[in-house]
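Student: In the numbering used here, the protein residues as written are 89 to 253. Below is one structure. I have some questions about it.
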């Protein structure tokens, strides 16, 4: 059994209004036909809301690396064009109270933790600045501290994994 490494950058936790679904948690892969249909319909609905022109209907939760869904889309496009192994991901979470909740991520196939600084450096070359956690802002007095807070934001959003084949 070989082991591949990959990284994921969590851009935001979002939610969109949905209908015709039973409330509950999404499991991937879905264990039965009913849940496969619900998963497919929810994924299709979220994907349609992520098309430019519909992005205004995406609500962002507290967990976010970017300010807006538009910023996320720009960062995804930059990564796909400029970073090896980059691809967009949607991770469905659940459907509750009429809302489909999900994570928007960038997947970086083949990246391992010992290349973290290189990956952060490539992400910083994009025009998108990370949303800095309000707790990190306190005491920022100069540009160096702001850059350190941005680095902290990029690093907080990145997670590295082994992937078993």
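For each residue, glycine too, the CB sits at the ideal point set by N, CA and C. Please read these numbers as outputs of a predicted model, since none were measured by experiment.
(1) Measure the C-alpha to C-alpha separation of residue 168 and residue 129 and round it to an integer number of angstroms.
(2) Whose C-beta lies closer than 8 Å to the C-beta of residue 145 among residues of the same chain, with five residues either side of it excluded?
(3) What three-state label does DSSP hand residue 217 in the structure shown?
(4) Quick check on this structure: which residue in 150, 200, 235, 123 has the alpha carbon closest to the alpha carbon of residue 183?
(5) Starting from the N-terminal side, write out each stretch of the beta strand (DSSP E) that is 3 residues or longer and does not extend beyond the stretch 127–176.
(6) Leaving out five residues before and five after residue 220 in sequence, what residues of the same chain have Cβ atoms less than 7 Å from its Cβ?
(7) Give the DSSP-derived three-state secondary structure of residue 181 in the structure shown.
(8) Report, in whole angstroms, the separation of the C-beta atoms of residue 93 and residue 191, which I expect to be a contact under 8 Å.
(9) Taking only three categories from DSSP, how would you classify residue 106?
(10) When you compare only the Cα positions, how much space is there between residue 214 and residue 125?
(11) Quick one: grab the DSSP three-state call for residue 245.
(12) Taking all protein chains shown into account, decide if residue 100 is buried (16 or more other Cβ within 10 angstroms of its Cβ) or exposed.
Tutor: In short, the structure shows the following:
(1) 26 Å
(2) 104, 105, 137
(3) coil
(4) 123
(5) 147–152
(6) 237, 238, 241
(7) Looking at residue 181 - three-state DSSP - the assignment turns out to be strand.
(8) With 8 Å as the limit, residue 93 and residue 191 do not qualify as a contact, their Cβ atoms being about 20 Å apart.
(9) coil
(10) 37 Å
(11) helix
(12) buried
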